[in-house]
Amino acid sequence: MEATATPTKTGTERSAYYARIGQHSMTPLWEVLGALVPPQPRSPVEATLWRYAELREHVMEAGRLITAEEAERRVLILENPALRGHSSITQSLYAGLQLIMPGEVAPAHRHTQTALRLVLDGEGAYTAVDGERTTMRRGDFIITPAWTWHDHGNLGHEPVVWLDGLDIPIVRFLDAGFAEKSEAEHQAVLRPEGDALARYGANMVPVDFYQQPAEPTKVFVYPWERTIASLKAISAGTPDAHFGHKQRYINPATGRSPMPTMAAFSQLIPAGFETRAYRCTDGTVYVCLKGRAQASVEGVTYTLNENDVLVVPSWHAVQFHASAETVLFSYSDRPVQQALGLWRELRA
Ligand code: 1HN
């Protein structure tokens, strides 16, 4: 019979043992159990603010260093300082600022990662998704569903910058990524601009259309004009204590997030309003589209101006105080957490 361990076994004996079992690719659970199963999320992600006024010149410099064609996508990744080298803004999400110069084309490709775009700066660019082009205007929220062909172009006279949000870390975690380049630089235009919104985005769908579970959303553009009109109309009412006036974007054919892996939101916080402390398990990327606000994340204050990006890690308490009427766009991995029964929130 093997001798039972006494609690007094020395650190040296244990280390020697760990080294021996290490030779067999084994490691003791008891050294890591607390970290593996924490009583509540302890995200390594750092709350971080990217100030567009400081970033813009660096983004523009990329326009002089590399062409969109050479780069395939000319993007500066917003990399969380705690996750350098991982191309991630949170553990599950990617964010980047993409620049397209007048006359340029970002060639057609497709991949199993889902992308969202939020247009920030400049006019005259378009993005094409599965045969339909859409003009990109500031504040427009545009989706490139997984495995749909997409290319971008700039037909105007100024540089155009948008935020890309992708589920790259999720797809990488699952080792489920595929990608393909098109032979053609841009895809054929099969339908006129606005077709998807007219057919699927006017509280009606074609008579014989029933969305299939794995089928991508048909509505792929949520124009700023519509978002701001609804937020403004709603803001005549009483703001929610934790959010101000907050809406989530849906696929109207399902009532669910238009992307299986990411949720997107828009909220209006009235001038002078302070939201109460709020935590949720989905680390969230916020973009200030309008106004100016102070964000307090676990007691640290950040000032958000137009086009600034703030990441709030999982289970960090966040509060906003709007100095002027503020509109925030945000996205997170909430649909994944909800599908898995993991999502939680706490309203103080
Ligand atoms: C991508 O396809 C785009 O289409 C942007 O604009 C950023 C980052 C990683 C992988 C694919 C785009 C991307 C990307």
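In this text, residue positions in the sequence shown follow my numbering: the first is 722, and each later residue adds one.
C-beta atoms are modelled at their ideal positions from N, C-alpha and C, and glycine is treated no differently.
Residues surrounding the ligand 1HN [beta-carbon distance to nearest heavy atom under 7 Å]:
Spelled out in chain order, the answer is R794, V796, Y815, G817, Q819, A827, H830, H832, Q834, A836, T865, H871, H873, D885, L887 and I889.
Which residue comes first and which comes last in the alpha helix (DSSP H) that contains E778?
According to the DSSP assignment, E778 belongs to the alpha helix (DSSP H) that extends over Y773 to L786.
Taking the alpha-carbon positions, what's the P1034 to D1054 distance?
It is roughly 12 Å from the alpha-carbon of P1034 to the alpha-carbon of D1054.
E665 to A783, Cα distance in whole Å?
A query on residue 665 cannot be resolved here, the shown segment of the chain reaching from 722 to 1069 and no further.
Cβ of T948 within 9 Å of any chain C Cβ:
Considering every chain present, this structure includes no chain C. It has just one protein chain.
Among G965, C1009, K902 and Y1007, which has the Cα closest to the Cα of L989?
Closest option to L989, judged by alpha-carbon separation, among G965, C1009, K902 and Y1007: G965.
S1017 versus A1043: straight-line alpha-carbon distance, rounded:
S1017 and A1043 have their C-alpha atoms spaced approximately 11 Å apart.
Sequence-distant residues of the same chain with beta carbon closer than 6 Å to I889, five excluded per side
Counting only Cβ-Cβ distances below 6 Å, and skipping sequence neighbours, we find Y815 and Q834.
Return the residue from the list P937, A836 and R920 that minimises the CA-CA distance to D929.
Nearest of P937, A836 and R920 to D929, Cα basis: R920.
Do I891 and T982 count as a contact pair if the criterion is CB distance below 9 Å?
Yes, they are a contact pair.
Which term fits E853, buried or exposed, when burial requires 16 or more other beta carbons within 10 angstroms of its beta carbon?
Buried: at least 16 other Cβ atoms inside 10 Å.
Nearest by alpha-carbon distance to L804: which of P828, A897, P866 and V766 is it?
The option with the nearest alpha carbon to L804 is V766.
Stretch pair the region 932-941 + the region 957-976: three plus CB contacts closer than 8 Å
Taking a contact to require three or more Cβ pairs closer than 8 Å, the region 932-941 and the region 957-976 qualify as touching.
CB-CB under 6 Å to V926, same chain, minus the five flanking residues each way: which ones, in chain order?
Residues A974 of the same chain have their beta carbon placed closer than 6 Å to that of V926, with the five preceding and five following residues left out of the count.
From A811 to V1032, what does the alpha carbon distance come to, in whole angstroms?
Before going further, note that residue 811 is Thr rather than Ala in the sequence given. Rounded to the nearest angstrom, the gap between the Cα atoms of T811 and V1032 is 8 Å.
Please return the same chain residues whose Cβ sits closer than 7 Å to the Cβ of V780, not counting the five positions on each side in sequence.
Excluding sequence neighbours, V780 sits near L797, L818, L820 and V882.
Given this structure, state the Cα-to-Cα distance separating S697 from P749, to the nearest angstrom.
The displayed coordinates of the chain run from 722 to 1069. Any statement about residue 697 would go beyond what the structure contains.
Can you tell me whether DSSP reads D1003 as helix, strand or coil?
Shown here, D1003 sits in coil according to DSSP, grouped into three states, outside any helix or strand.
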